[in-house]
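Just so we're aligned: the sequence shown equals residues -21 to -1, 1 to 519 in mature numbering (1 follows the signal peptide of the UniProt record, and there is no 0).
Cβ atoms here follow ideal geometry from the backbone N, Cα and C, with glycine treated the same way.
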Amino acid sequence: MRDLCFFTIFILGLLLPGVHGEDPYRFYTWKVTYGDIYPLGVKQQGILINGQFPGPQIDAVTNDNLIISVYNYLREPFLISWSGLQQRRNSWQDGMYGTNCPIPPGRNMTYALQVKDQIGSFFYFPSLAFHKAAGGFGGIRILSRPRIPVPFPAPSGDFTVLAGDWFKRDHAVLKGILDRGHNLPFPDGLLINGRGWNGYTFQVDQGKTYRFRISNVGLTTSINFRIQGHKMKLVEVEGSHTLQNTYSALDIHLGQSYSVLVTADQPPQDYYVVVSSRFTSPVLTTTAILHYSWSTKGLSGPPPGGPTIQVDWSLNQARSIRWNLTASGPRPNPQGSYHYGLITTSRTITLANSAPMINGKQRYAVNSVSFVPASTPLKLADYFKIPGVFNLGSIPSYPTWGNGYLQTSVMHADFRSYVEIVFQNWEDIVQSWHIDGYSFFVMGMDGGQWTPASRASYNLRDTVARCTVQVYPKAWTAIYMALDNVGMWNVRSENWARQYLGQQFYLRVFSPANSWRDELPIPKNALLCGRASGRHTRPL
């Protein structure tokens, strides 16, 4: 008991100033190991967390403090990132290599996260060395505080659905393909919660309503989700309550998370839960089972078909997803009380993706710059003022259309500015972009080239706020974002091969005040590596 008390006091001491003592703490201990998995019927070496694939679910309530001790039992360094968790004033806990040193083999790292002013559906994943292709991911759900109204009755059950493409080859083999300058092969299949065809079952009671939190945790492929004979009512997207539109099928692009309500209103039997790939040839499909309690009738007929390569269908659906202006968010004030469309932007950033060959190898780039990781995490180099690791302005804020080149790219941005970011895609595939540390407003999307005249089509009233957005082939997507979170934040492609080969950069949101009100200090237990090794973590 004495050792347990000492451990608890030690862990609490790692928490950063500004974390409210009255908010609850949730403690997790994770052991990361290799283990045999058979997701597509073939034995593979997977990454397990506490012996599980996918990893353990994180359940929290708004403002909870999450203390997660990660022990690395792999033979190589490891990092976990938290997709969609907006670490306020605290990019130290982001879990990307630009902000954190990896956990060495045989060592541990304790993350101190607070889900400050957040609700919704998210996931975590391994961010280093293409480990995401081996597993190590899991769901995150953040419930509203008890007294904050939610715009729908409490469901009878809450299911997490982690779906996406999968490869039978070992993650190290896939990494080697990319390192040699080639693109990945076509995926071998799709998974639902780590299992292939009819490998997972969701059990429901007739007449009751259930929440399904669906995340695309795949590497390269957009998916479509549907349930045979059932409608889905969309209620939340990455922390935002939405207008409750009803869909029979829902596109979910790489890195995205959606919550839907499904009522078990059909005759008792088994029904297909279907995930299929979008914009691919051939089309990949996998299924799980929706099982009505006490029913004895099995599946009937083939799984229902869905959209395949139709871009307009997906674009129209994306435009139909709107913010619920009257619903409370993490706080009791309605989401519509923030009038995002009445704020004047101070800067327009245009980001164009490309696929250049550099030094005879396939790379991917943003504004012609293909990101190369530095030996010292950028956040540490910035904090300790280590020269020569990166340069501000090493990526332009608009396309240059020149030849691709390698660079450790960091873009400067001013704290509390309000920016417009345009993602321009001239390639023939769907792109998916994520910005760590932020939620942004998806203002509009359309085909062709964005121009200032495109602003006339913006949704200035009830567009959804989220952290990951798609850009359709030869099209653009525009967002507004309030830069209210100081730190070094990763902006990346959610196509993990593209991210690995350079389609990412870091946005340094800077405040000259150097105040703990703007950014929390470096954690006392921060791992130090590269040119930051041997330095002290005391606040400077």
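Please return the same chain residues whose Cβ sits closer than 8 Å to the Cβ of residue i, not counting the five positions on each side in sequence.
i: L263; result: D144, P166, G168, L169, T200, S255, S256
i: H515; result: none
i: T355; result: I365, V368, C508, G509, R510, A511
i: T324; result: Y397, V398, E399, Y459
i: G513; result: L507
i: T379; result: N346, S347
i: I171; result: V140, L141, A142, G178, Y179, V252, V254, T265, T266, A267
Give every residue of the same chain whose Cβ lies closer than 7 Å to the Cβ of residue i, excluding the five residues on either side of it in the sequence, and list them in chain order.
i: T230; result: Checking the sequence shown, residue 230 turns out to be Asp, not Thr. So the list reads S201, N203, R257, S293, Q296, once near-sequence residues are dropped.
i: P81; result: P56, F57, L58, L107
i: N303; result: P130, H220, T221, L222, Q314
i: N224; result: L213, S299
i: Y362; result: I501
i: L385; result: I337, S349, V351
i: R395; result: L462, D463
i: G(-1); result: In this predicted model, G(-1) has a pLDDT of only 49, less than 50, meaning its place in the structure is not dependable; the value taken from the coordinates is given anyway. Answer for G(-1): no residue qualifies.
i: K22; result: D15
i: A112; result: F146, H150, L153, L198
For the candidate residues the options, whose alpha-carbon lies nearest to that of residue i?
i: P286; options: S260, S272, Y271, G308; result: S260
i: N51; options: G30, S70, F419, N44; result: G30
i: Y343; options: W475, T442, P247; result: W475
i: Y459; options: C446, L64, M467, N469; result: C446
i: residue 523; options: Q93, S100, S436, S48; result: Residue 523 is absent from the structure shown; the chain starts at -21 and stops at 519.
i: R126; options: P18, R310, W61; result: R310
i: residue 538; options: Q410, G178, V443, D407; result: No information on residue 538 is available, as it lies outside the stretch -21 to 519 that the chain covers here.
i: F138; options: D407, H150, Y179; result: Y179
i: D425; options: I408, P452, A151; result: P452
i: F402; options: T327, A360, N382, A432; result: T327
i: I16; options: Q207, G74, G173, Q72; result: G173
i: V40; options: R54, Q248, N87, S100; result: S100
i: K95; options: Y417, S274, G114; result: Y417
i: D407; options: Q65, W455, Q23; result: W455
i: G136; options: F109, H110, L269, F102; result: L269
Tell me, please, which residues DSSP counts as bridged to residue i.
i: L499; result: Note: L499 sits in no beta bridge, so no partner.
i: R487; result: H391, M467
i: H220; result: E215
i: G426; result: A454
i: residue 529; result: Limits of the chain in this structure are -21 at one end and 519 at the other, which puts residue 529 out of reach.
i: I414; result: V470
i: Q23; result: I16
i: A435; result: None; A435 has no bridge partner.
i: S70; result: Answer by DSSP bridge pairing: none, since S70 is not bridged.
i: D230; result: N203
i: H209; result: Paired residues: none, contrary to the question.
i: G99; result: I121
i: F420; result: A444, Y459
i: F109; result: BP columns for F109 are empty, so no partner.
i: I193; result: V140, Y237
i: V183; result: Y271
Roughly how far, in whole angstroms, is the beta-carbon of residue i from the beta-carbon of residue j, given that I think they are within contact range, below 8 Å?
i: N162; j: Q341; result: 6 Å
i: Y189; j: V241; result: 5 Å
i: F484; j: M390; result: 6 Å
i: L157; j: G197; result: L157 to G197, Cβ: 16 Å. No contact.
i: Q182; j: S272; result: 6 Å
i: T265; j: G186; result: With 8 Å as the limit, T265 and G186 do not qualify as a contact, their Cβ atoms being about 28 Å apart.
i: residue 604; j: F116; result: This structure gives no information on residue 604, because the portion of the chain shown stretches from -21 to 519.
i: Q482; j: N332; result: 6 Å
i: Y377; j: T329; result: 5 Å
i: Q478; j: Q449; result: 15 Å between Cβ atoms; not a contact.
i: I46; j: F6; result: 5 Å
i: G77; j: K358; result: 7 Å
i: G339; j: G114; result: Not confirmed; about 32 Å, so no contact.
i: D291; j: M75; result: Actually they do not touch by this definition, with Cβ atoms about 35 Å apart.
i: H413; j: R471; result: 6 Å
i: F32; j: S62; result: Actually they do not touch by this definition, with Cβ atoms about 18 Å apart.
Considering only residues of the same chain and omitting the five flanking positions on each side of residue i, which have a CB-CB separation below 6 Å?
i: P375; result: N346
i: P3; result: D43
i: Q235; result: N195, T447
i: E498; result: R68, V465
i: S373; result: Q386, S388, V389
i: L27; result: T12, G14
i: P134; result: T188, Y189, R190
i: A360; result: V368
Is residue i near the ligand ZN - that is, is its Cβ less than 7 Å away from at least one heavy atom of it?
i: G367; result: For the ligand ZN, the structure offers nothing, since it holds no ligand at all.
Counting only runs of 3+ residues fully inside the segment 315 to 385, write out the beta strand (DSSP E) ranges in chain order. With a minimum length of 3 residues, the unbroken runs of beta strand (DSSP E) contained wholly in the segment 315 to 385 fall at 326 to 333, 348 to 350.
Within the segment 113 to 177, ranges of the alpha helix (DSSP H) (whole runs, at least 4 residues): Within the segment 113 to 177, the complete alpha helix (DSSP H) runs of at least 4 residues are 150 to 158.
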